[in-house]
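Note sheet for the following structure.
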Amino acid sequence: MVLIGILVALVLERLLGRYSGWGRPVIFLRIMSLVRSLLPRAIWQSPVLPLLAIALPAAAAHWLCGLFLNPLLNLAASAGVLLLCLGPRDLAEDVRDLLAAREAGDLARAQRIVRNLQRGPQPDQSHRSLMGTLFIQSHEKLFGVLLWYFVAGPAGAVAYRVATRLPRLLAETAAGSSAQFTAEALHGLLAFVPARITAVLYGLAGSLDDALIEYRRLRAEAQHGWRSHTWALLAEIATASLRSEDDAGQAQAPDLNTALQEVLGMQLRALMILLALFAIFATGSMF
0 MVLIGILVAL
10 VLERLLGRYS
20 GWGRPVIFLR
30 IMSLVRSLLP
40 RAIWQSPVLP
50 LLAIALPAAA
60 AHWLCGLFLN
70 PLLNLAASAG
80 VLLLCLGPRD
90 LAEDVRDLLA
100 AREAGDLARA
110 QRIVRNLQRG
120 PQPDQSHRSL
130 MGTLFIQSHE
140 KLFGVLLWYF
150 VAGPAGAVAY
160 RVATRLPRLL
170 AETAAGSSAQ
180 FTAEALHGLL
190 AFVPARITAV
200 LYGLAGSLDD
210 ALIEYRRLRA
220 EAQHGWRSHT
230 WALLAEIATA
240 SLRSEDDAGQ
250 AQAPDLNTAL
260 QEVLGMQLRA
270 LMILLALFAI
280 FATGSMF
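Counted from 1, the sequence shown has number 265 at position 266 by numbering that gives the first Met the number 0; the numbering is strictly sequential.
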């Protein structure tokens with residue numbers, strides 16, 4: 000049933016993603032705006048806030064889906080929760096908009112799209128390439144949510160979705176506070192294993208040899224903190240998987256437009272691999 004719920008949510012997300020405004024975090028932002036208006040400033044900036052902001056919605060999702068004893072109704076509720084947790088916006092739409100802006104010569108629009116994509120976790124200044132950003136956003140919008148849903152059901156999907164949104168909100172409303180630090184730490188903790196699984200998926204979907212070489216290089220350097228190292232691994236390993244070889248057998252990276260198209264192709268291939276793995280675990284058989 001979990002796998003069916005994932006498939007239903009992915010199909011609906013693909014269909015509804017064509018409508019303007021779909022996938023924006025309106026519910027999250029409105030609820031958090033209300034909470035902020037009600038809570039004293041000291042509590043809003045305290046480390047307790049991120050813990051409650053993640054735990055309470057996850058518990059509510061678990062309780063809500065548990066109300067439906069009928070398997071079909073439970074499936075519909077779970078798939079609905081997962082659907083709300085995917086995004087915001089499909090990465091394919093962002094990439095297509097970026098390609099269209101570049102082809103039209105609209106540099107201002109292209110830069111605006113890039114800035115929107117670069118919101119969220121980044122490895123560090125030396126790893127803030129567009130390709131790395133796209134792969135991180137792909138994980139945040141899709142793979143991380145799916146992995147947590149498969150492990151912990153709707154509660155896991157909600158917890159990860161909130162964890163990805165909370166650091167940015169607190170950076171804008173409680174910058175430098177213990178609440179922001181706690182939110183970033185919780186996000187990094189929840190992403191620690193899923194981000195590495197996503198990196199493996201991209202390696203399998205692209206050039207696995209180049210991905211392994213990049214992994215060994217990053218492991219040898221060990222110059223990042225544990226949170227930034229997670230994003231560096233995901234960005235650099237996934238980007239390395241894009242490399243191809245020329246006639247002389249030398250590794251080379253594709254041009255930007257080709258790379259943007261390849262990102263979408265790799266995301267689709269990685270998603271197919273993940274769904275196949277889900278199917279194996281769900282059925283408990285390789286056959």
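Where is the CB? At the ideal position from N, CA and C, for every residue including glycine.
- A residue is called buried when at least 16 other Cβ atoms come within 10 angstroms of its Cβ; ARG164 meets this threshold and is buried.
- Put simply, the backbone Cα of LEU168 is about 15 Å away from that of TYR159.
- DSSP places GLN110 in the uninterrupted alpha helix (DSSP H) bounded by 106-116.
- Nearest in C-alpha terms to MET265, of all of ALA204, LEU232, TYR214, LEU217, is ALA204.
- Excluding sequence positions up to five before and after LEU146, its CB lies within less than 7 Å of the CB of PRO193, ILE196, all in the same chain and listed in chain order.
- Per DSSP, HIS186 is one residue of the alpha helix (DSSP H) stretching across 177-204.
- Contiguous alpha helix (DSSP H) elements confined to the segment 18-70 occur at 25-37, 40-43, 47-65, taking only those with 4 or more residues.
- By a beta-carbon distance limit of 8 Å, ALA154 contacts ALA57. Their separation comes to about 4 Å.
- Your pair GLU261 and LEU241 checks out as a contact, with CB atoms roughly 6 Å apart and the cut at 8 Å.
- Taking VAL80 as the centre and dropping the five residues before and after it, the same chain places the C-beta of ALA60, PRO153 closer than 6 Å to its C-beta, in chain order.
- Distance from the CA atom of ALA156 to the CA atom of ARG95, rounded to whole angstroms, is 26 Å.
- Between LEU189 and LEU273, the gap from beta carbon to beta carbon reaches 9 Å or more.
- Distance from the CA atom of GLU139 to the CA atom of PRO166, rounded to whole angstroms, is 13 Å.
- Distance from PRO49 to THR181 at the Cβ level is roughly 5 Å; contact confirmed, criterion being Cβ atoms closer than 8 Å.
- Within the same chain, ALA78 come within 6 Å of VAL7 by CB-CB distance, once the 5 residues on both sides are set aside.
- Here the C-alpha atom of ILE236 lies approximately 6 Å from the C-alpha atom of ALA198.
- The C-beta separation of ALA278 from MET130 comes to about 29 Å, leaving the pair out of contact by the 8 Å criterion.
- The C-beta distance from PRO46 to ALA178 rounds to 6 Å, short enough to fall under 8 Å.
- The C-beta of LEU106 has fewer than 16 other C-beta atoms within 10 Å across all chains shown, which makes the residue exposed.
- The alpha-carbon of SER32 is positioned some 41 Å away from that of GLU220.
- Secondary structure of SER77 (DSSP, three-state): helix.
- A straight-line Cα-Cα distance of about 11 Å links ALA234 and ALA210.
- Nearest Cα to SER176 within the set GLN44, VAL1, ARG35: GLN44.
- In this chain, the alpha helix (DSSP H) harbouring SER137 covers 129-137.
- Here LEU217 is actually not in contact with LEU207; their C-beta atoms are around 16 Å apart, not less than 8 Å.
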